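Just so we're aligned: the sequence shown equals residues 1 to 649 in the UniProt record's numbering.
What follows is a set of notes on a single structure, which appears directly below.
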Amino acid sequence: MDQKSDLLPIAKLYVNLSHLIINKLIFVFYYINPPPSHFLSNQSPVSHFYYHFLSIYRLSDRNKTEMGATLLSPSAFVKLLFLALCAIWIFPELAQAKHAGTTRHYKFNIVMQNVTRLCQTKSILTVNGQFPGPRIVAREGDRLVIKVVNKVKYNTTLHWHGIRQLRSGWADGPAYITQCPIQTGQSYVYNFTITGQRGTLFWHAHISWLRATLYGPIVILPKEHVPYPFPQPFKEVPIIFGEWWKADTEKIISQALQSGGPPNISDAFTINGLPGPSYNCSAKDAFKLKVKPGKLYLLRMINAALNDELFVSIANHTLTVVETDAVYVKPIKTNVVLITPGQTTNVLLKAKSKAPTATFAIAARPYATGPATFDNTTTIGILEYEPPSPVSKNKNKKFPLLKPALPKLNDTNFAMKFSKKIRSLATAKFPANVPEKVDRRFFFTVGLGLNPCPKNQTCQGPNNTKLAASVNNVSFVQPNVALLQAHFFKKSKGVYTTDFPVNPPLKFNYTGTPPKKLMVNSGTKVVVLPFKTSVELVMQDTSIIGAESHPLHLHGFNFFVIGQGFGNFNPNKDPANFNLVDPAERNTVGVPSGGWVAIRFLADNPGVWFMHCHLEVHTSWGLKMAWIVMDGKRPKQKLPPPPSDLPKC
Ligand SMILES: [Cu+2]
1 MDQKSDLLPI
11 AKLYVNLSHL
21 IINKLIFVFY
31 YINPPPSHFL
41 SNQSPVSHFY
51 YHFLSIYRLS
61 DRNKTEMGAT
71 LLSPSAFVKL
81 LFLALCAIWI
91 FPELAQAKHA
101 GTTRHYKFNI
111 VMQNVTRLCQ
121 TKSILTVNGQ
131 FPGPRIVARE
141 GDRLVIKVVN
151 KVKYNTTLHW
161 HGIRQLRSGW
171 ADGPAYITQC
181 PIQTGQSYVY
191 NFTITGQRGT
201 LFWHAHISWL
211 RATLYGPIVI
221 LPKEHVPYPF
231 PQPFKEVPII
241 FGEWWKADTE
251 KIISQALQSG
261 GPPNISDAFT
271 INGLPGPSYN
281 CSAKDAFKLK
291 VKPGKLYLLR
301 MINAALNDEL
311 FVSIANHTLT
321 VVETDAVYVK
331 PIKTNVVLIT
341 PGQTTNVLLK
351 AKSKAPTATF
361 AIAARPYATG
371 PATFDNTTTI
381 GILEYEPPSP
391 VSKNKNKKFP
401 LLKPALPKLN
411 DTNFAMKFSK
421 KIRSLATAKF
431 PANVPEKVDR
441 RFFFTVGLGL
451 NPCPKNQTCQ
461 GPNNTKLAAS
471 VNNVSFVQPN
481 VALLQAHFFK
491 KSKGVYTTDF
501 PVNPPLKFNY
511 TGTPPKKLMV
521 NSGTKVVVLP
531 FKTSVELVMQ
541 DTSIIGAESH
551 PLHLHGFNFF
561 VIGQGFGNFN
571 PNKDPANFNL
581 VDPAERNTVG
591 VPSGGWVAIR
601 FLADNPGVWF
611 MHCHLEVHTS
621 WGLKMAWIVM
631 DGKRPKQKLP
641 PPPSDLPKC
């Protein structure tokens, strides 16, 4: 044997080790210290390793990680790194061997953590003690393997909001829909591949109201060497909006469901977990975005609030929307973005060419249309310019904070106009594959309703009733086992029925004076679709109890928003105006308050797919249903069996 073949296995080991470490770390550091754009978009081996080394050096320097990646001691780390770099230097062809996608491993420990906001310390559910939770960073085509260990007293699940989950429905996450919850002390590995998606999404708990604090961003970068269809930003920053209660949110929703009245409203909104200076004791608890003059920033906005759509604006700056729900859109210049819970919006922010003598509020407050009271406060983050040179005579001077004008709280006209502006790129590279023919048409009313008060109880809904919500007047009853298991193992009897109504059971003037009969029906009903059914669905808001905008979220698919309007949908006139050319492609759409929206999707993903209002209070009241998409004939059109660690109920 010659020396080289003797060395080869060792070198391979080093290469593998270095790749493992480097792949993990580059993503940790991408955001802490973004590389000049060419490092990620057009990597030469030299720039690649220069940046990796920089990242790793900084990491051992700070001894801090965002991903829960295991850290070695600095000295062991440097040794390992040295060996890894040597191996790559000796066998560069090994380092450059490309594969289809990387597998990225994460460990998410669900643990309690004390957090202080608004002068009050509270024990909240977190992932790895972080709030907001850790960022997942991957590329299109990568596989994610996320081990979730439940170390809290609540049973929980996590959902990867907006991920298509092609033939991986067991990893979708909504409790009692695709899985039983992960019980205390148990774990579950979510394993799925990101196919055909790039942009911003997020993960959140999907049981009861646990997502109030259990959430974090998912950043999907394009495949290597694939540029954005917009100028390369200097830096990318996730901006995740949340909603904060001083009290225990689990108690709030359980009391509300018990009494039948509306749940208590939140005490604050947050930007990256921080409420900002408009709230008591929060002047220092503000998110700060530091920018350099003249540079371009990509803000990855996510609305993870429980119950409120949000208007967002930055004082004296224009934003350009370039992507929604992980789909590129035709660029839209705007001063205000509307973002519903469940939606994500990437915007470009061009910093002014000279550092101004002011700071600028990043402000968000609700767009609210419903009959109930809501949290009408404003959260503020601060946009600051870094002086061009390190020494500045203004360093200690306090600049004024300029605030943006936001639309009025119930500005439905703004909401409709903004929603209509969002269009797919519809180019050869990024086509809008709108289903042209339609196999099945559905018309769903969505809105509020009432349940009778149980005997021997007084209820806090209107006229001693309990508030409820429904789709086609069916208020969804959560089963005791997961629908997907019942479906897959053909044990649906007693779990669900397949008679979900295709049309409203009662026709009425949906947006006019509501009918006298306001009581909802209850049941666990689903719609069954053969594989590759092309679906057209019109969702119509009702004025029962009160008209309201409902952000409807569909799991497992993106849909095309082909039409929307005020009043009642007219099946004879409105389809003529449907946009089948460049409609928005999304996973969450606001059903306009007192209006309707029409969507199309191709049911090409076998499994059980939840569809629900992303205002959590409405989901709690029953504004949810499920689609069952059957297997196709070919092996690659079938849902594989569940993983062995699928939680048991
Ligand atoms: Cu709703």
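Cβ coordinates follow ideal geometry from the N, Cα and C atoms, glycine included.
Keep in mind it's a predicted model, so treat the numbers as computed, not measured.
So does residue i have its beta carbon nearer than 8 Å to some heavy atom of ligand 1?
i: Leu-615; result: yes
i: His-550; result: yes
i: His-317; result: no
i: residue 671; result: Nothing in the structure corresponds to residue 671, since the chain is present only between 1 and 649.
i: Leu-450; result: no
i: His-618; result: yes
i: Leu-554; result: no
i: Ala-547; result: no
i: Ala-368; result: no
i: Leu-537; result: no
i: Ala-603; result: no
i: Ala-468; result: no
i: Leu-623; result: yes
I need the straight-line Cα distance from residue i to residue j, nearest angstrom please.
i: Lys-491; j: Trp-203; result: 30 Å
i: Gly-129; j: Gln-165; result: 27 Å
i: Val-438; j: Cys-281; result: 55 Å
i: Ser-187; j: Cys-613; result: 28 Å
i: Gln-343; j: Leu-201; result: 8 Å
i: Thr-357; j: Val-291; result: 13 Å
i: Ala-364; j: Ile-339; result: 10 Å
i: Asn-579; j: Ile-562; result: 5 Å
i: Pro-134; j: Asn-572; result: 49 Å
i: Thr-458; j: Ala-468; result: 16 Å
i: Tyr-51; j: His-553; result: Note that Tyr-51 has pLDDT 36, beneath the 50 cutoff, so the model's placement of it is unreliable and the number below is only indicative. One C-alpha to the other measures close to 39 Å.
i: residue 650; j: Val-589; result: Limits of the chain in this structure are 1 at one end and 649 at the other, which puts residue 650 out of reach.
i: Pro-222; j: Arg-300; result: 14 Å
i: Phe-601; j: Val-502; result: 16 Å
i: Lys-333; j: Leu-506; result: 43 Å
i: Ile-314; j: Ala-547; result: 30 Å
i: Phe-287; j: Glu-224; result: 31 Å
i: Val-629; j: Phe-489; result: 14 Å
i: Arg-104; j: Thr-373; result: 43 Å
i: Pro-293; j: Ala-355; result: 6 Å
i: Asn-155; j: Asp-142; result: 29 Å
i: Thr-533; j: Val-527; result: 12 Å
i: Thr-498; j: Val-237; result: 44 Å
Use the C-beta contact count for residue i: other C-beta atoms within 10 angstroms, 16 or more gives buried, fewer gives exposed.
i: Thr-619; result: buried
i: Val-28; result: Low confidence applies to Val-28: its pLDDT is 43, below 50, so where it sits in the model is not reliable, and the reading given next is rough at best. Classification of Val-28: buried, given that the 10 Å Cβ count is 16 or more.
i: Cys-119; result: exposed
i: Gln-179; result: buried
i: Pro-515; result: exposed
i: residue 653; result: Lying before the first or after the last residue shown, residue 653 is absent from the chain, which here runs from 1 to 649.
i: Asp-172; result: buried
i: Ser-644; result: exposed
i: Glu-436; result: exposed
i: Asn-42; result: Low per-residue confidence applies at Asn-42: pLDDT is 30, beneath 50, and the placement is therefore not dependable, though the value from the model is reported in the following sentence. By the 10 Å Cβ count, Asn-42 comes out exposed.
i: Arg-198; result: buried
i: Lys-525; result: buried
i: Pro-132; result: buried
i: Val-535; result: buried
i: Ser-123; result: exposed
i: Asn-473; result: buried
i: Asn-307; result: buried
Return the Cβ separation of residue i and residue j in integer angstroms, given the expectation that the two are a contact with Cβ distance under 8 Å.
i: Asp-325; j: Tyr-367; result: Actually they do not touch by this definition, with Cβ atoms about 18 Å apart.
i: Trp-209; j: Ile-253; result: 5 Å
i: Thr-465; j: Asn-456; result: Not a contact, Cβ separation roughly 15 Å.
i: Pro-592; j: Phe-566; result: 6 Å
i: Tyr-215; j: Ala-304; result: 4 Å
i: Lys-246; j: Tyr-297; result: About 33 Å separates the two Cβ atoms, so there is no contact after all.
i: Val-446; j: Gln-540; result: 7 Å
i: Ile-380; j: Thr-359; result: In fact, because the Cβ distance is near 10 Å, the residues do not count as touching under 8 Å.
i: Val-137; j: Val-219; result: 5 Å
i: Gly-449; j: Ile-544; result: 6 Å
Margin query: Assess contact between the segment 505–514 and the segment 571–587, defined as three or more Cβ pairs (one per stretch) separated by less than 8 Å. Is contact present?
Written below: With contact defined as three or more Cβ pairs closer than 8 Å, the segment 505–514 and the segment 571–587 are not in contact.
Notebook entry, point to check: Does the segment 101–118 come close enough to the segment 258–265 to have 3 or more Cβ pairs within less than 8 Å?
Noted result: No, because fewer than three Cβ pairs between the segment 101–118 and the segment 258–265 fall closer than 8 Å, the two stretches do not touch.
Next item on the list: Determine contact between the segment 415–432 and the segment 604–612, defined as no fewer than three beta-carbon pairs at a distance below 8 Å.
Entry: no
Item checked: the segment 311–327 in contact with the segment 625–635 per 3-pair CB rule at 8 Å -> No contact exists between the segment 311–327 and the segment 625–635.
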